[in-house]
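Quick notes on the structure that follows.
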Amino acid sequence: MCALNPPDWSAAREALRNATSAAGWPDDLISDAELALHELFVNAWRHGGSPAPTVVVVLLADRTLRVSVADDNPDLPEPRVSADPYELSGRGLHLVRSLTHRFGADPRRHGKGKLVWFELDRAAWAS
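For the sequence shown, my numbering gives the first residue as 383, with consecutive numbering after it.
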């Protein structure tokens, strides 16, 4: 069972912001990435059973941002087909999909759990 409040995600957010800011990414795109990261982080804590999800932020040649969040639950996420518009949750994966260029989930190679990830392309935003 998870604690009432999610763990602090500020270190992951700071790593994302530092990498993208140093590469000159626009603030709007950085904000989209932060929101997508937050969704995956909270999902890993809430649904993945991880008290402190592991986050990896990689910026490839200053053009593609890849963010991965690992949790301990082997069940791959599935976006809800029809969420009640008045529910407090259930639309996070749809949000991640709409904010990013690619999104997916893979079983972890060594050990239990999964890796949920997204990618953003800087060039796609500018065009």
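Glycine included, each C-beta is placed from N, C-alpha and C at the ideal position.
{"Asked": "V451 - partner residues in DSSP beta bridges", "Found": "V437 and V498"}
{"Asked": "Residues that G406 bridges to, as DSSP identifies them", "Found": "BP columns for G406 are empty, so no partner."}
{"Asked": "Contact set for L556: own chain, Cβ-Cβ below 6 Å, skip 5 residues either direction", "Found": "The requested residue 556 does not occur in the structure, where the chain is confined to residues 383 to 509."}
{"Asked": "Sequence-distant residues of the same chain with beta carbon closer than 7 Å to A505, five excluded per side", "Found": "R445"}
{"Asked": "Helix, strand or coil at R395 [DSSP, three-state]", "Found": "helix"}
{"Asked": "Backbone CA spacing between V439 and S450 [nearest angstrom]", "Found": "7 Å"}
{"Asked": "Minimum C-alpha distance to D390 - residue among D454, L419, L477 and R473", "Found": "L419"}
{"Asked": "Assigned exposure category for S432 - 16 Cβ within 10 Å defines buried", "Found": "buried"}
{"Asked": "Local Cβ density within 10 Å of V463, reported as buried at 16 or more and exposed below that", "Found": "exposed"}
{"Asked": "Three-way DSSP call (helix, strand, coil) for G474 in this model", "Found": "helix"}
{"Asked": "Cβ neighbour criterion (16 or more within 10 Å) applied to L525", "Found": "Past the boundaries of the shown model lies residue 525; the chain is included only from 383 to 509, so the question cannot be answered."}
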